[in-house]
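Residue numbering for the sequence shown follows UniProt numbering, beginning at 1 and increasing consecutively.
See structure below.
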Amino acid sequence: MTDDVSIRRAGPGDAETLAALGAETFTETFGHQYKEEDLSTFLKKNHSPEVYRRILADEAWAAWLAEDAGGRAGGYVVAGPCGLPVPDMPENAGEIVRLYLRESFQGAGLGARLLETALDWLRPRYAPVYLSVYEENPRAQKLYERFGFVKIRRYFYMVGNHADPEWIMELRR
């Protein structure tokens with residue numbers, strides 16, 4: 001499936017696509033875990049077109065879309081300044097903020113391609129680089145570990161009023 005998938009830098013005109021894809025992929029992956037009210041609150045706060053317009057308008061941030069040959073978006077990654085609760089975090093720390101794929105785009109290395117694209121952009125701009133990953137997502141954790149990320153601490157990521165246990169990981173190579 002990913003042989004005919006291209007990755008391109010998202011631009012201002014992609015805010016609606018990113019918002020829809022972000023809400024869809026988050027819900028597809030994790031939606032079953034939450035009360036409807038918690039999920040709705042979270043999606044409005046984190047996956048609205050306005051959120052992505054702000055990201056795409058700010059040079060400190062970047063996003064990429066993975067699209068099939070027909071132009072259907074199947075995944076995305078967002079990178080920028082680190083907002084994670086890391087003690088003594090350097091001022092210039094960066095973060096892989098989001099990386100999601102539609103289920104139909106998973107399993108063929110596209111997540112690794114998106115991650116590599118974002119890291120290539122982050123490395124000359126930010127150091128160190130962090131990300132957070134759901135504690136019960138071993139598949140994603142293995143991907144990040146292959147790229148040199150190591151678990152440094154746990155924290156709780158809020159989805160509405162629901163607290164998800166997550167790992168904060170730091171890039172060590």
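Positions of the beta carbon are idealized from the N, C-alpha and C atoms, including for glycine.
For clarity, every value in this text was computed on a predicted model and none was experimentally measured.
Per-residue burial, residue i [other beta carbons within 10 Å of its own, 16 or more giving buried]
i           : result
residue 32  : exposed
residue 98  : buried
residue 140 : buried
residue 156 : exposed
residue 69  : exposed
residue 166 : buried
residue 23  : buried
residue 57  : exposed
Sequence-distant residues of the same chain with beta carbon closer than 6 Å to residue i, five excluded per side
i          : result
residue 62 : 79, 121
Distance, residue j Cα to residue i Cα
i           : j           : result
residue 123 : residue 130 : 11 Å
residue 35  : residue 133 : 20 Å
residue 67  : residue 74  : 6 Å
residue 51  : residue 60  : 14 Å
residue 135 : residue 168 : 9 Å
residue 119 : residue 96  : 8 Å
residue 174 : residue 143 : Because the chain is modelled from 1 through 173, residue 174 falls outside the range shown and cannot be assessed.
residue 46  : residue 81  : 16 Å
residue 152 : residue 19  : 30 Å
residue 110 : residue 4   : 11 Å
Cβ separation of residue i and residue j, assumed to be a contact under 8 Å, to the nearest whole Å
i           : j           : result
residue 171 : residue 128 : 6 Å
residue 148 : residue 37  : With a Cβ gap of about 38 Å, residue 148 and residue 37 do not count as contacting.
Below-8 Å beta-carbon distance, residue i vs any chain D residue
i          : result
residue 80 : Considering every chain present, this structure includes no chain D. It has just one protein chain.
Residues of its chain near residue i, where Cβ-Cβ distance is below 7 Å and the 5 sequence neighbours each way are ignored
i           : result
residue 103 : 28
Residues of its chain near residue i, where Cβ-Cβ distance is below 8 Å and the 5 sequence neighbours each way are ignored
i           : result
residue 117 : 7, 64, 77
(request) Would you list, in sequence order, the uninterrupted beta strand (DSSP E) runs of no fewer than 3 residues that lie entirely inside the segment 5-87? (result) Listed in chain order, the complete beta strand (DSSP E) runs (minimum 3 residues) inside the segment 5-87 are 6-9, 62-67, 73-81.
(message) For a minimum of 4 consecutive residues, which ranges assigned as the alpha helix (DSSP H) are wholly contained in the segment 83-129?
(response) Qualifying alpha helix (DSSP H) stretches, in chain order: 110-122.
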